[in-house]
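Let me begin by presenting the structure, written as structure tokens, before commenting on it.
Residue numbers (this note's numbering): -11 to 100.
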């Protein structure tokens, strides 16, 4: 099964795994599952660190490639097509004004 991780799950898995349910931890550790992470999360985490909102995640920003390699199987690039579609999306779910959430929805349509 493909699991598209959001920012919270990514950070908790890397920094605070005790915040994840046992079921989710087991799913993340199950080698039959493919863990997918969006490249936009590096941007989101770095921005929040810079703004002082995620100081505890600075190690993830500084070592993103290594952290990602440790956890995820697939790093989805932020393509022009996905960025454009996310920007134009006008459905209620996508009106959250949080680009990584909208992007996550767009990606999920393609990998499920």
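Every residue, glycine too, gets a C-beta built ideally from N, C-alpha and C.
Proximity of residue i and residue j at Cβ, strictly below 8 Å
i: residue 1; j: residue 16; result: yes
i: residue 61; j: residue 22; result: yes
i: residue 56; j: residue 24; result: no
Residue i versus residue j: straight-line alpha-carbon distance, rounded
i: residue 45; j: residue 59; result: 15 Å
i: residue 4; j: residue -4; result: 10 Å
i: residue 42; j: residue 52; result: 14 Å
i: residue 6; j: residue 37; result: 22 Å
i: residue 39; j: residue 26; result: 21 Å
i: residue 10; j: residue 18; result: 12 Å
i: residue 14; j: residue 54; result: 21 Å
i: residue 12; j: residue 32; result: 22 Å
i: residue 8; j: residue 63; result: 21 Å
Nearest to residue i (by Cα), restricted to the options the options
i: residue 48; options: -2, 62 and 61; result: -2
i: residue 50; options: -8, 42, 34 and 10; result: 34
i: residue 68; options: 3, 28 and -11; result: 28
i: residue 20; options: -10, 12 and 13; result: -10
Strand pairing of residue i, partner residues [DSSP]
i: residue 35; result: Paired residue(s): none; residue 35 is not in a bridge.
i: residue 19; result: None, per the DSSP bridge assignment.
The ligand FMN heavy atom lying under 7 Å from the CB of residue i
i: residue 51; result: As presented, the structure is devoid of all ligands, the ligand FMN included, so that no description of it is given.
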